[in-house]
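Quick note on my numbering: the sequence shown kicks off at 141 and runs consecutively.
Idealized CB from N, CA, C, for every residue including glycine.
One structure is given below, encoded as structure tokens.
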Amino acid sequence: MKIIIDCMGGDNAPLEILKGVIDAKTELDGEYLLVGHKDILEQTARDHGLDLSGYEILHAETVVTMEDDAMAFREKKDSSLTLSLKALADGQGDILVSCANTGALFAGASLTVRRIKGVHRAALAAILPFNPPVLLLDCGANVTVQPDFLPQFATMGSAYMKALYGLEKPRVGLLNNGSEEHKGTPLQTEAYRLLKNCPDINFVGNVEGNRIPFDACDVLVADGYTGNVLLKTMEGMGKMFSSRMKGIFYHSLLTKLGALTVKKPFMHFRKDFDAKEHGGSPILGLHKPVIKAHGSSDARAFKNAIRQAMRFAESGATATIETLLGTEAPSRKE
């Protein structure tokens with residue numbers, strides 16, 4: 141398997157990206173195509189004692205920054221993001237991992253790698269770290285959606301959870317402000333009707349925010365605006381809980397002694413809610429797998445994003461989505 145790496149996207153590029161790639165190759169093997177400014181990559185490697193011999197490098201003159209708009213990938217044709225997407229589309233690799241600007245990566249992937257025929261919009265997905273885990277989509281790419289997008293999100297999310305987590309009939313919930321069928325805006329009420337009438341989707345109804353952690357569903361569908369607010373809130377709450385619990389444990393000598401008895405479970409708790417452990421978010425609905433790693437990824441987070449990308453590529457989820465949705469009407473124009 142050949143993994144294409146956008147080495148210049150993100151807050152900590154290229155050093156943390158390169159370290160993550162080297163760690164991934166050690167643990168996970170695979171071939172790698174590094175895309176970025178060749179001189180910068182090689183100088184960074186020399187400065188930090190990293191060995192890039194044996195890695196193929198595709199030179200990219202410029203970078204799509206976090207401040208650029210979503211269509212910057214078209215304007216900056218020689219950027220690491222644009223060349224990475226083109227390399228994936230042209231078959232120079234099997235998967236792409238990037239920390240780049242979410243809007244530019246999503247737009248570029250949709251128009252360069254291209255959506256599966258019949259998919260109205262690709263969707264950015266994220267695993268919520270509950271037991272069992274919940275796949276949330278869309279979690280930020282499509283800020284506004286049409287009601288008929290959500291059944292497709294449900295189909296794609298179900299295919300992903302079946303392929304990667306072995307769930308035969310994943311339960312699909314619609315994120316809403318009430319459990320009753322009539323709750324929500326016109327978007328939610330119409331989406332509810334469509335989901336309810338989809339025979340291939342195991343729809344379990346509306347899911348309120350306070351029910352998400354308690355095994356209410358396996359796949360949670362939403363518009364990208366609402367999904368992103370939920371995801372960022374959860375990330376913040378996880379950090380807050382971890383900080384508060386650490387403060388309690390270190391409050392006094394007695395609590396420090398008590399902390400020793402729960403150290404291992406506490407470390408597991410912190411790991412569950414650590415975004416770095418989950419690596420990144422797959423973009424579902426494309427012809428080839430693309431993983432959006434967190435913009436602030438360090439080496440560990442990026443290594444885990446590569447791990448996730450490889451699992452995604454090996455799972456067959458893309459082929460399943462193509463089978464399920466590829467016979468529908470052609471994709472709408474952007």
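Separation of residue j from residue i, as counted between CA atoms
i    : j    : result
T458 : A294 : 14 angstroms
Y305 : A153 : 31 angstroms
L393 : A399 : 10 angstroms
L226 : V283 : In the sequence under discussion, the amino acid at residue 226 is Lys, which differs from the Leu named in the question. Going from the Cα of K226 to the Cα of V283 covers about 25 angstroms.
I235 : K428 : 6 angstroms
N368 : L268 : 12 angstroms
V285 : E156 : 35 angstroms
A469 : K257 : Summary for A469: the model assigns pLDDT 45, below 50, so the residue's position carries little reliability, and this model does not support an answer.
S224 : N346 : 39 angstroms
I446 : L307 : 23 angstroms
G364 : D278 : 5 angstroms
A331 : S421 : 24 angstroms
D358 : V430 : 22 angstroms
L158 : K336 : 46 angstroms
M380 : D163 : 29 angstroms
K217 : N271 : 43 angstroms
K473 : S455 : Annotation note: pLDDT 43 at K473 (below 50); position unreliable, coordinate value reported separately. Each residue's Cα considered, the two are about 29 angstroms apart.
E167 : D438 : 17 angstroms
D169 : M450 : 10 angstroms
M377 : E207 : 26 angstroms
M141 : H391 : 50 angstroms
N444 : E171 : 16 angstroms
D151 : V204 : 12 angstroms
G425 : T222 : 19 angstroms
V259 : E462 : 9 angstroms
G160 : A453 : 19 angstroms
F442 : H322 : 42 angstroms
T373 : T366 : 11 angstroms
Exposure of residue i, with buried meaning 16 or more beta-carbon neighbours within 10 Å
i    : result
G149 : buried
F242 : Note that residue 242 is Thr in the sequence shown here, rather than Phe. Result: buried.
V402 : exposed
S319 : exposed
L245 : buried
G280 : buried
K432 : buried
S298 : buried
L264 : buried
L181 : buried
Q183 : exposed
F354 : exposed
L228 : buried
Best match in the options for proximity to residue i [C-alpha to C-alpha]
i    : options                : result
S193 : V203, M377, L174       : L174
L255 : Q292, G324, E454, S224 : Residue 255 is actually Arg in this sequence, not Leu. Nearest C-alpha to R255: Q292.
L370 : N317, F389, K396, T329 : N317
C338 : L198, L465, D179       : L465
L276 : G349, D230, D146, K323 : G349
L290 : A266, Q328, E321, K323 : Q328
V312 : D340, D288, K323, H322 : D340
R214 : S250, L190, Y195, L426 : S250
I197 : D187, G176, A212, T184 : G176
S383 : L397, T366, M407, K372 : M407
L190 : A212, E375, K165       : K165
Cβ-Cβ separation, residue j to residue i (assumed contact under 8 angstroms), whole Å
i    : j    : result
V361 : L314 : 6 angstroms
P310 : M301 : 4 angstroms
I423 : A262 : 5 angstroms
G435 : C239 : 5 angstroms
A247 : A200 : Rounded, the Cβ-Cβ distance is 18 angstroms, inconsistent with contact.
I352 : V274 : 6 angstroms
G233 : I144 : 4 angstroms
L334 : P287 : 6 angstroms
is_contact[residue i, chain D] using C-beta, thresh 7 angstroms
i    : result
A247 : Absent here is chain D; the protein component of the structure consists of one chain.
(request) Starting from the N-terminal side, write out each stretch of the beta strand (DSSP E) that is 3 residues or longer and does not extend beyond the region 356-437. (result) DSSP assignment within the region 356-437 yields the following whole beta strand (DSSP E) runs of 3 residues or more, N-terminal first: 359-361, 420-424, 430-433.
(request) List in chain order: all unbroken beta strand (DSSP E) runs of 3+ residues lying wholly within the region 303-331. (result) Every beta strand (DSSP E) stretch that sits fully inside the region 303-331 and reaches 3 residues is listed by chain position as 311-315.
(message) As an exercise, report each continuous beta strand (DSSP E) stretch of at least 3 residues that is fully enclosed by the region 257-291, in chain order.
(response) For the region 257-291, whole beta strand (DSSP E) runs of length 3 or above, ordered along the chain, are 263-268, 274-277.
(request) May I have a chain-ordered list of the beta strand (DSSP E) segments no shorter than 3 residues that lie completely inside the region 151-210? (result) Listed in chain order, they are 171-176, 196-199.
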